[in-house]
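Below: one structure, written as structure tokens.
Protein chains: 2
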Amino acid sequence: MSTVVATMSITLDGVGAGHHVTEDEPFGDLPESTFFRWMNETPDENRAAFDAIVGAGAYIMGRHMFGPVTGEWTGDWRGWWGPNPPYHAPVFVLTHHPRESIVMEGGTTFHFVTDGIEAALARAREAAGDRAVHIAGGPSTTNAYLAAGLVDELRLNINPVVAGRGLRLFDGVGPLRLEQIFLKRASLVTHAYYRVLHDE
Amino acid sequence: MSTVVATMSITLDGVGAGHHVTEDEPFGDLPESTFFRWMNETPDENRAAFDAIVGAGAYIMGRHMFGPVTGEWTGDWRGWWGPNPPYHAPVFVLTHHPRESIVMEGGTTFHFVTDGIEAALARAREAAGDRAVHIAGGPSTTNAYLAAGLVDELRLNINPVVAGRGLRLFDGVGPLRLEQIFLKRASLVTHAYYRVLHDE
């Protein structure tokens with residue numbers, strides 16, 4: 000069965016996104032640089048870490064990770080990533096409001112799942128085959144999967160910043176025991192990967 | 000002027016101590032192993048990290064870091080560490096209740112400071128001379144110094160555990176920008192040291 004990997008770029012105080020996402024502010028009231036300065040300014044140095052975020056057989060994300068639209072789907076919002084998103088695989092978006100799937104360029108298809116995190120994971124597993132399923136965020140979605148014991152591996156990109164506000168990874172989760180499986184220091188970020196131990 | 004270094008062993012969700020410290024439970028409702036399994040089980044591997052916690056010219060700590068006694072000082076509590084504490088230098092304990100200084104074996108003297116964090120730092124700087132002043136915790140004390148912009152360096156020992164409750168480093172602090180200056184992976188912990196940037 001495919002491995003379930005949660006990937007997230009966070010601050011040193013564990014924040015993965017700001018509040019109040021809008022079309023102009025995908026990370027809400029915190030600037031994108033809080034989380035992705037490393038990816039934007041030092042892409043060559045962090046190529047492997049970027050590849051560790053993408054490269055899955057299927058993805059799951061929360062609705063705010065997909066876009067700023069709330070409530071019933073109106074307009075034609077197709078994600079933050081333009082016509083050819085970096086996923087190149089099925090992406091299952093958690094929502095309370097049904098919507099037709101959207102086929103994008105490059106192999107990405109957005110599917111909208113209204114029956115909860117376990118149903119989304121079942122569909123993602125089926126789509127991924129032997130490849131990994133990535134929980135792409137945001138923090139609330141990742142926390143829901145962590146709390147349900149459904150995450151095998153956690154790949155954190157930790158920025159040397161204290162945000163002081165925003166949505167926190169691990170809020171409402173735990174206790175959890177983990178095992179560190181990878182650590183790398185780059186100029187603007189630390190990549191720290193953990194296996195979640197399920198034996199307790 | 001001496002460098003001010005905050006040292007703390009935390010969980011992956013940023014917790015540095017449990018609630019409800021008692022004489023039998025120095026870390027409150029979280030076991031000591033949550034924070035110091037690395038020090039107790041793998042001391043040789045982590046000798047340098049232990050030396051980076053101690054080795055200062057003077058220390059500052061909060062009252063719960065010194066002991067479970069609250070309110071007026073009663074009895075003869077002399078800290079958690081026995082007759083010869085690992086500090087071997089003056090330790091300034093923040094409290095609202097005056098008490099005579101206590102001279103311990105091995106060079107440690109506990110002084111009780113009732114006029115706030117800046118006064119404690121001034122006395123610690125004077126005692127430390129050219130050597131560093133270490134803010135030894137707990138989380139509330141460290142957060143007070145971080146929030147006041149008085150910390151130059153942060154030495155974190157990050158345990159691969161999500162506590163899910165307890166007192167959090169960085170609560171009420173920030174935003175802060177930092178620069179990572181050291182990173183080391185050990186079997187049971189990650190040592191991550193940061194310089195706090197004061198130029199913004």
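These protein sequence lines map, in sequence, to chains A and B. The numbering of the first sequence is numbering that gives the first Met the number 0, which starts it at 0 and goes up by one. The numbering of the second sequence is numbering that gives the first Met the number 0, which starts it at 0 and goes up by one. For glycine and all other residues, C-beta sits at the position ideal for the given N, C-alpha and C.
Contacts that residue i makes with chain A (C-beta to C-beta distance below 8 Å)
| i | result |
| --- | --- |
| B:Ala162 | Gly173, Pro174 |
| B:Leu182 | Leu182, Arg184, Thr189 |
| B:Phe26 | Correct list: empty, because the minimum Cβ distance to chain A is about 14 Å. |
| B:Phe91 | The premise fails here: B:Phe91 is roughly 25 Å from chain A at the closest Cβ pair, so nothing lies under 8 Å. |
Status (buried if at least 16 other CB within 10 Å, exposed otherwise) for residue i
| i | result |
| --- | --- |
| B:His63 | buried |
| A:Pro42 | exposed |
| B:His95 | exposed |
| B:Ser1 | buried |
| B:Pro138 | buried |
| A:His190 | buried |
| B:Gly70 | exposed |
| B:Glu125 | exposed |
| B:Thr141 | buried |
| B:Glu40 | exposed |
| B:Ala47 | exposed |
| A:Leu11 | buried |
| B:Ser100 | exposed |
| A:Ala119 | buried |
| A:Glu22 | exposed |
| A:Thr73 | exposed |
Residue i at chain E interface by Cβ criterion, 8 Å
| i | result |
| --- | --- |
| A:Leu149 | The question asks about chain E, but that chain is absent: this structure's protein chains are A and B. |
Neighbour list for residue i in chain B, Cβ cutoff strictly below 8 Å
| i | result |
| --- | --- |
| A:Tyr193 | Leu11, Pro159 |
| A:Leu177 | Leu11, Pro159, Val160, Val161 |
| A:Phe109 | The premise fails here: A:Phe109 is roughly 31 Å from chain B at the closest Cβ pair, so nothing lies under 8 Å. |
Whether residue i touches residue j by CB criterion (8 Å)
| i | j | result |
| --- | --- | --- |
| B:Ala143 | B:Ile116 | yes |
| B:Val14 | B:Pro67 | no |
| A:Ser186 | A:Glu31 | no |
| B:Leu175 | B:Val3 | no |
| B:Val112 | B:Ala146 | no |
| A:Ala51 | A:Arg154 | yes |
| A:Val195 | A:Leu177 | yes |
| A:Gly128 | A:Phe109 | no |
| A:Leu29 | A:Ala123 | no |
Contacts that residue i makes with chain A (C-beta to C-beta distance below 7 Å)
| i | result |
| --- | --- |
| B:Phe49 | Correct list: empty, because the minimum Cβ distance to chain A is about 19 Å. |
| B:Phe65 | Per Cβ cutoff of 7 Å: no residues; B:Phe65 is ~26 Å from chain A at best. |
Contact list for residue i against chain A, beta-carbon separation under 9 Å
| i | result |
| --- | --- |
| B:Phe35 | Simply none; closest approach about 15 Å. |
Residue i beta carbon near the ligand HEM (any heavy atom closer than 7 Å)
| i | result |
| --- | --- |
| B:His19 | What this structure holds is no ligand at all, so the ligand HEM is not there to describe. |
Checklist entry - Counting Cβ pairs, one atom from each stretch, are 3 or more of them under 8 Å apart for the stretch 128-137 of chain B and the stretch 166-174 of chain A? => result no
Item to check | In chain order, each alpha helix (DSSP H) run of at least 4 residues that lies wholly inside the stretch 117-153 of chain A | outcome: 138-146
Checklist entry - If we count Cβ pairs, one from each stretch, closer than 8 Å, do we get three or more for the stretch 31-46 of chain B versus the stretch 152-164 of chain B? => result yes
Checklist entry - If you pair each beta-carbon of the stretch 87-106 of chain A with each one of the stretch 49-66 of chain A, do three or more pairs fall below 8 Å? => result yes
Checklist entry - Should the stretch 95-112 of chain B be called in touch with the stretch 70-86 of chain B, which here means at least 3 C-beta pairs below 8 Å? => result yes
Checklist entry - Can you list, in chain order, the stretches of the alpha helix (DSSP H) that have 4 or more residues and sit fully within the stretch 28-58 of chain A? => result 32-40, 46-52
Item to check | Runs of beta strand (DSSP E) wholly within the stretch 151-182 of chain B (minimum 3 residues, chain order) | outcome: 152-158
Next on the checklist: Quick check for students: name the residue ranges of the alpha helix (DSSP H) that lie wholly in the stretch 55-95 of chain B, counting only runs of 4 or more.
Outcome noted: 62-65
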